[in-house]
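**Student:**
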Amino acid sequence: MRTLHRYILSNFLVTFVMAMAVLTFVMTVGLVFSSMKYIARGMSPDILVQFLWQSLPGTLSYSVPIASLVASLLVFSRLSSDSEISAMRSCGVPLWSIMRMPVLLSLFLSFVCLWVNDDVSPDASFVRSENRHRFKASDVTALIQPLEWLETDSYSIYVSERDGNKLVDLRVKQPMSDGRVRDIRAAEAVIRQPADGPAFLDMHDVKVEVTGGETVASSGSGRRADAIDAGRFETWKVPLSVLSKDVSSRRAGPDGRLRRRTKDLRTWELLRDVLSAEAKPPVDEEGVVAIARAKAEVVSRAVLAAACLCFVLIGIPLGIQSHRKQSSVGLGISLAVAGVFYLFCITGQSLAKHPGLHAHLIVFAPMVVCIVLAAVLISRNN
Numbered sequence: 002m003r004t005l006h007r008y009i010l011s012n013f014l015v016t017f018v019m020a021m022a023v024l025t026f027v028m029t030v031g032l033v034f035s036s037m038k039y040i041a042r043g044m045s046p047d048i049l050v051q052f053l054w055q056s057l058p059g060t061l062s063y064s065v066p067i068a069s070l071v072a073s074l075l076v077f078s079r080l081s082s083d084s085e086i087s088a089m090r091s092c093g094v095p096l097w098s099i100m101r102m103p104v105l106l107s108l109f110l111s112f113v114c115l116w117v118n119d120d121v122s123p124d125a126s127f128v129r130s131e132n133r134h135r136f137k138a139s140d141v142t143a144l145i146q147p148l149e150w151l152e153t154d155s156y157s158i159y160v161s162e163r164d165g166n167k168l169v170d171l172r173v174k175q176p177m178s179d180g181r182v183r184d185i186r187a188a189e190a191v192i193r194q195p196a197d198g199p200a201f202l203d204m205h206d207v208k209v210e211v212t213g214g215e216t217v218a219s220s221g222s223g224r225r226a227d228a229i230d231a232g233r234f235e236t237w238k239v240p241l242s243v244l245s246k247d248v249s250s251r252r253a254g255p256d257g258r259l260r261r262r263t264k265d266l267r268t269w270e271l272l273r274d275v276l277s278a279e280a281k282p283p284v285d286e287e288g289v290v291a292i293a294r295a296k297a298e299v300v301s302r303a304v305l306a307a308a309c310l311c312f313v314l315i316g317i318p319l320g321i322q323s324h325r326k327q328s329s330v331g332l333g334i335s336l337a338v339a340g341v342f343y344l345f346c347i348t349g350q351s352l353a354k355h356p357g358l359h360a361h362l363i364v365f366a367p368m369v370v371c372i373v374l375a376a377v378l379i380s381r382n383n
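Read in order, the letters of the sequence shown are residues 2 to 383 in the working numbering.
Next comes the structure, spelled out in structure tokens:
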């Protein structure tokens, strides 16, 4: 029996490691391209290594459960198609004994994923957020992306196209001290980064309008004066150093340090907040939403960790029912099961902003469904 368990476990481990390596690589490809964009703007290549390392715990939270599902389907599909499962059962080996080692391994992986989700991933996410925040504050030009509004305290910037430092169809909204809003439109602009001064937007063919209150129309060329409210201009300059200050302070707390988001808090911190809210419920809507998000985050971390065990319990009977040369079908089934499972988790987290929906129960639902489905499939195979 030990030889049989060792044989099944070795096959499962080899397939699991290969699947996890491929899935982890695929999930980090997008981050690699995003980091390359920053490197192209002059940042050190070390930023790529840092981002990849700091993103690894969060990536493993998804790749490890899916890899366990893929391994279960492929290994037991091959054992079934080669009639090895039938041979084992004809020798009196029950299905639960055949499943023992993969299930025990998945249980161990669930505890490892729970530790990663509770302690490692939140800290890594916060450090990654700090590094990204620091980089954006030092190189705010990376924030200006086509077809996206860049919102800061001093400006709102929108651009239709971007080619390197050249911007096309630029729009800048600037709140004024008297409550009016200056709307600056330019056919094109260039991001200038002089060696002896701060970066700025050099805008050309500019039209300035002011909404709210009375406006003072003017026209001419050269840089604007503070008294000029509206008109047409050949050039207009917007200092990017102002944007950097706004970006640096947007998520800063009273002490000037970056505040942790819900996903950046450890599980014991989230549970502390939830228990405190049970004893003394928050009176404002923002506090109620924060507690709902904390509940959804705690349950989500536990469910994502338990996914390893759930996927193996489902994958083994599904793999046994597969026929020869149906590995592609097994992969399709694994992707479908994982997709539905994670869809519930993501949906529950997104609905956490509506406390009345009890989003944490929606996040918990796929684990219950998986356990019930696994019990039905295993009983049928017995």
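Built from N, CA and C at the ideal position, the CB exists for glycine as well.
Just so it is clear, the structure is predicted and the values come from calculations on it, not from any experiment.
Taking the alpha carbon of VAL23 as the point to measure from, which residue in PHE52, PHE34, ALA72 has its own alpha carbon closest?
**Tutor:** Minimum Cα distance to VAL23 is reached at ALA72.
**Student:** Which of the three DSSP states, helix, strand or coil, is assigned to ARG261?
**Tutor:** In the structure shown, ARG261 sits in coil (DSSP, three-state: anything other than H, G, I, E or B).
**Student:** Quick check: what's the CA-CA separation for ALA366 versus ALA297?
**Tutor:** Looking at the two C-alpha atoms, the distance is approximately 12 Å.
**Student:** Any contact between the region 115-129 and the region 52-69? By contact I mean 3 or more CB pairs, one from each, below 8 Å.
**Tutor:** Enough Cβ pairs lie closer than 8 Å, so yes.
**Student:** Under the assumption that GLY316 contacts LEU74 (Cβ atoms under 8 Å), give the Cβ distance between them as a whole number of angstroms.
**Tutor:** Right, the Cβ-Cβ distance comes to about 5 Å (below 8 Å), so this counts as a contact.
**Student:** Please state if the CB of ARG181 and the CB of VAL211 are separated by a distance shorter than 8 Å.
**Tutor:** Cβ atoms of VAL211 and ARG181: closer than 8 Å.
**Student:** According to DSSP, HIS205 sits in a beta bridge with which residue or residues?
**Tutor:** DSSP, once it has assigned bridges, lists GLU189, THR236 as partnering HIS205.
**Student:** Which first and last residues belong to the beta strand (DSSP E) in which SER157 is found?
**Tutor:** 157-164 is the span of the beta strand (DSSP E), which, as asked, contains SER157.
**Student:** Whose C-alpha, out of HIS361, ALA308, SER84, SER301, is nearest the C-alpha of ARG267?
**Tutor:** ARG267 has its Cα closest to that of SER301, out of HIS361, ALA308, SER84, SER301.
**Student:** Can you list, in chain order, the stretches of the beta strand (DSSP E) that have 3 or more residues and sit fully within the region 46-98?
**Tutor:** Within the region 46-98, no complete beta strand (DSSP E) run reaches 3 residues.
**Student:** Would you identify the three-state DSSP class for LEU151, choosing helix, strand or coil?
**Tutor:** Residue state, collapsed to three classes: strand.
**Student:** For MET21, count neighbouring Cβ atoms within 10 angstroms of its own Cβ and tell me buried if that reaches 16, exposed if not.
**Tutor:** Under this definition MET21 is a buried residue.
**Student:** Skipping 5 residues on each side, what residues in its chain have a beta carbon closer than 8 Å to that of LEU10?
**Tutor:** These residues qualify, in order along the chain: MET102, PRO103, LEU106.
**Student:** Anyone know if the C-beta pair for ILE185 and VAL169 falls short of 8 Å?
**Tutor:** No, the pair does not count as a contact, with Cβ atoms beyond the cut-off.
**Student:** Cα separation between ILE292 and MET19?
**Tutor:** Roughly 39 Å between the two C-alpha positions.
**Student:** How would you write the range of the beta strand (DSSP E) that LYS167 sits in, first residue to last?
**Tutor:** Taken as a continuous stretch (DSSP letters only), the beta strand (DSSP E) holding LYS167 covers 167-176.
**Student:** Going by the CB atoms, is the gap between LYS167 and LEU202 shorter than 8 Å?
**Tutor:** Not closer than 8 Å, so no.
**Student:** How should SER351 be labelled, buried or exposed, when 16 other C-beta atoms within 10 angstroms of its C-beta is the threshold for buried?
**Tutor:** Exposed, since its Cβ has fewer than 16 Cβ neighbours within 10 Å.
**Student:** From the DSSP output, in three-state form, read off ALA384 for me.
**Tutor:** Because residue 384 is not part of the residues shown, which for the chain are 2 to 383, the question remains open.
**Student:** Is it right to say ASN118 is buried, meaning 16 or more other beta carbons lie within 10 angstroms of its own, or is it exposed?
**Tutor:** Buried is the call here.
**Student:** Reducing DSSP to helix, strand and coil, say where ASP179 ends up.
**Tutor:** Residue state, collapsed to three classes: coil.
**Student:** Please tell me whether SER69 and PHE17 are closer than 8 Å, where the distance is taken between their beta carbons.
**Tutor:** The answer is yes: Cβ separation under 8 Å.
**Student:** Please classify GLY340: is it buried, with 16 or more other beta-carbons within 10 angstroms of its beta-carbon, or exposed?
**Tutor:** By the 10 Å Cβ count, GLY340 comes out exposed.
**Student:** Put VAL211 into one of helix, strand or coil per three-state DSSP.
**Tutor:** DSSP places VAL211 in strand when its eight states are reduced to three.
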